[in-house]
Amino acid sequence: MTTFADRVEQVSISGIRKVFEAAGEDAINLGIGQPDFPTPAHARRGAIEAIENGLTDAYTSNKGTLSLREAIAAKYDRDYDVAIDPGDVIATSGGSEALHLVLQAHVDPGEEVIFPDPGFVSYDALTRIADGTPKPVPLRDDLTLDPATVEDAITDETAVFVVNSPANPTGAVQSEADMREFARIADEHDVLCLTDEVYEHIVFEGEHRSPFEFAETDNVVVISACSKTYSMTGWRLGWVVASNRRIERMLRVHQYAQACASAPAQYAAEAALTGPQEPVQEMVDAFERRRNVVLDGLEDAGLEVPKPNGAFYVMPKVPEGWCEAVLDRDVIVVPGDAFGANGEGYARLSYATGTEELKDALAIIDDATQAVR
Ligand SMILES: Cc1ncc(COP(=O)(O)O)c(C=O)c1O
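Be aware that the sequence shown starts at 0, since it is given in numbering that gives the first Met the number 0, and climbs by one per residue.
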């Protein structure tokens with residue numbers, strides 16, 4: 000009789016998906032984890048031209064086309080003034096595959112992976128799929144991750160700690176001082192810092208900084224993607240940047256599990272990264288305006304809301320029964336505990352939805368909040 004691997008039996012379907020399945024057809028969806036904007040025209044054109052010119056019919060190099068990896072390296076030079084060798088980049092099937100490669104290549108059975116709780120659902124699941132031990136750690140009151148909490152959680156068994164800024168599900172942005180601390184911790188404790196930067200460009204105040212800029216060793220690995228920055232979630236194109244010895248290990252997983260990222264997506268990504276960046280700024284401006292509308296609406300309803308400075312999520316504290324009351328009124332929100340035990344008593348709302356719909360949803364939320372008070 001066949002059986003299933005324990006590591007797979009430990010992973011269940013995301014709580015987010017369960018909420019979607021339970022919702023009515025006409026519900027207003029504030030559960031969405033992707034921008035509601037089109038992929039920029041020049042990115043689409045990059046793929047179309049590559050297809051028409053016959054460039055996408057064959058495998059690319061396992062790491063991805065050299066021209067895409069050069070575009071990714073140029074991006075790090077432009078954004079953070081850090082020099083990256085295009086040989087130290089792997090183009091992946093979205094940020095998701097990049098996370099998987101990092102954990103597969105660095106976690107031995109039973110080793111611990113520290114990550115924020117509440118945090119992005121994949122950290123726990125991918126740790127289990129790597130046969131590692133999840134070590135969720137709580138956040139500060141403002142929903143950022145305190146480097147001291149991470150440092151205290153490190154044991155001899157720790158392989159990796161995850162930093163995610165701007166963060167899903169909280170929208171919280173870590174300060175430069177925190178990022179410097181994360182780099183120091185990775186250096187001093189000789190543990191790997193996996194910095195998940197898929198929302199790096201969606202920041203409303205100040206700017207995103209990366210622990211990668213500050214580390215003195217090669218103990219920081221960055222993953223990012225076109226998914227959120229260029230509204231390209233369907234294209235499935237991300238990457239991992241690390242030192243050569245780490246990239247060569249991750250390539251062993253990528254080569255056998257994936258061969259290479261989809262060629263049309265690679266050409267679209269190259270065009271997105273090298274073309275005009277105005278569409279990104281327009282999208283970020285729209286998210287900031289909506290963030291303000293949502294913050295005002297939730298505060299007017301009497302909820303306590305840590306102010307999010309990035310991504311497109313907000314995570315208010317909510318009274319018991321609130322999520323059910325809101326869902327009953329056909330507004331989809333995700334209960335905070337879908338993102339970890341410490342998410343209980345919170346809810347995640349995404350504002351990747353038009354302003355008029357957001358206003359309608361906020362009126363319903365006000366009504367639901369009064370009903371459960
Ligand atoms: C924090 C975080 N990291 C990684 C990902 C994965 O992104 P991708 O769609 O590029 O696989 C997501 C997607 O929601 C995310 O929120």
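Glycine included, C-beta positions come from ideal geometry on N, C-alpha and C.
Being a predicted model, the structure only gives us computed values, none of them experimental.
Where does residue i land, buried or exposed, given buried means 16+ other C-beta within 10 angstroms?
| i | result |
| --- | --- |
| Tyr-312 | buried |
| Tyr-255 | exposed |
| Ala-82 | exposed |
| Ile-12 | exposed |
| Gln-173 | buried |
| Glu-111 | buried |
| Asp-327 | exposed |
| Met-0 | exposed |
| Glu-199 | buried |
| Thr-154 | exposed |
| Pro-115 | buried |
| Lys-227 | buried |
| Leu-65 | exposed |
| Gly-170 | buried |
| Gln-265 | buried |
| Thr-216 | exposed |
| Ala-176 | exposed |
| Asp-87 | buried |
| Ala-57 | exposed |
| Gly-296 | buried |
Where do the ends of the beta strand (DSSP E) carrying residue i lie?
| i | result |
| --- | --- |
| Arg-328 | First-last for Arg-328: undefined, no H or E at that position. |
| Pro-133 | 132-136 |
| Asp-5 | Counting along the chain, Asp-5 falls outside any beta strand (DSSP E), though it belongs to the alpha helix (DSSP H) covering 5-8. |
| Ile-113 | 111-115 |
| Arg-347 | 346-349 |
| Ala-224 | 219-224 |
| Thr-157 | 157-163 |
| Trp-234 | Neither: Trp-234 is in no beta strand (DSSP E) and is coded neither H nor E. |
When every heavy atom of ligand 1 is checked, does at least one fall within less than 7 Å of the C-beta of residue i?
| i | result |
| --- | --- |
| Thr-232 | yes |
| Leu-98 | yes |
| Val-197 | yes |
| Ala-182 | no |
| Ser-95 | yes |
| Asn-167 | yes |
| Gly-237 | yes |
| Ala-42 | no |
| Ser-226 | yes |
| Ser-121 | yes |
| Gly-32 | yes |
Below 8 Å on the Cβ atoms is my contact criterion, and I expect residue i with residue j to pass it. Report the Cβ-Cβ distance as a whole number of Å.
| i | j | result |
| --- | --- | --- |
| Pro-341 | Pro-137 | Strictly speaking, residue 341 in this sequence is Asn, with Pro absent from that position. Going by Cβ atoms, the distance from Asn-341 to Pro-137 rounds to 5 Å, so yes, they are a contact pair. |
| Ala-166 | Ala-310 | 7 Å |
| Ala-337 | Val-317 | Going by Cβ atoms, the distance from Ala-337 to Val-317 rounds to 13 Å, so no, they are not a contact pair. |
| Thr-91 | Gly-237 | 5 Å |
| Ala-97 | Ile-184 | Not quite, the Cβ-Cβ distance comes to about 21 Å (not below 8 Å), so this is no contact. |
| Leu-29 | Thr-354 | Rounded, the Cβ-Cβ distance is 13 Å, inconsistent with contact. |
| Ala-224 | Gly-14 | Rounded, the Cβ-Cβ distance is 22 Å, inconsistent with contact. |
| Ile-404 | Val-283 | Any question about residue 404 goes unanswered here, given that the chain covers just 0 to 372. |
| Leu-357 | Arg-289 | 6 Å |
Could you confirm whether any beta carbon from chain E is found closer than 8 Å to the beta carbon of residue i?
| i | result |
| --- | --- |
| Thr-352 | Of the chains in the structure shown, none is chain E; there is only one protein chain. |
Which residues in the same chain as residue i place their Cβ atom closer than 6 Å to its Cβ, once the five residues preceding and following it in sequence are excluded?
| i | result |
| --- | --- |
| Ser-230 | Pro-34, Phe-36 and Thr-38 |
| Pro-305 | Asp-141 and Leu-142 |
| Ala-267 | Ala-42, Gly-45, Ala-46 and Trp-234 |
| Tyr-75 | Val-81 and Ile-83 |
| Ala-72 | Ile-83 and Pro-85 |
| Ser-242 | Asp-217 |
Start and end of the alpha helix (DSSP H) containing residue i?
| i | result |
| --- | --- |
| Ala-42 | 40-51 |
| Gly-93 | 93-105 |
| Leu-297 | 277-299 |
| Ala-21 | 14-21 |
| Pro-77 | Checking the sequence, you will find Arg at residue 77 rather than Pro. Start and end: 65-79. |
| Thr-148 | 146-152 |
| Thr-194 | Note, Thr-194: premise wrong, no alpha helix (DSSP H); beta strand (DSSP E) at 191-195. |
| Val-172 | Per DSSP, Val-172 belongs to no alpha helix (DSSP H) and is neither H nor E. |
| Val-371 | 354-371 |
| Val-120 | 120-128 |
| Val-252 | 243-256 |
| Pro-263 | 262-273 |
| Phe-213 | 210-213 |
Quick one: is the Cβ of residue i within less than 7 Å of any heavy atom of ligand 2?
| i | result |
| --- | --- |
| Ser-164 | For the structure depicted, ligand 2 is absent and the ligand set comprises only ligand 1. |
Give me, in chain order, the residues of the same chain whose beta-carbon lies closer than 7 Å to that of residue i; leave out the 5 immediate sequence neighbours on both sides.
| i | result |
| --- | --- |
| Thr-273 | Ala-70 |
| Val-219 | Ala-182, Ala-185, Cys-192, Thr-194, Pro-210 and Phe-211 |
| Pro-275 | His-41 |
Spatial neighbours of residue i within its chain, please: CB distance less than 8 Å, with the 5 preceding and 5 following residues excluded, ordered by chain position.
| i | result |
| --- | --- |
| Phe-3 | none |
| Gly-109 | Asp-130, Gly-131, Thr-132 and Glu-156 |
| Ile-89 | Asn-61, Lys-62, Gly-63, Ala-97, Leu-100, Trp-238, Val-239, Ile-246, Met-249, Leu-250 and His-253 |
| Leu-102 | Val-112, Leu-125, Thr-126, Ile-128, Ala-129, Gly-131, Val-159 and Leu-193 |
| Ala-374 | Since the displayed the chain opens at 0 and closes at 372, residue 374 lies outside it and no answer follows. |
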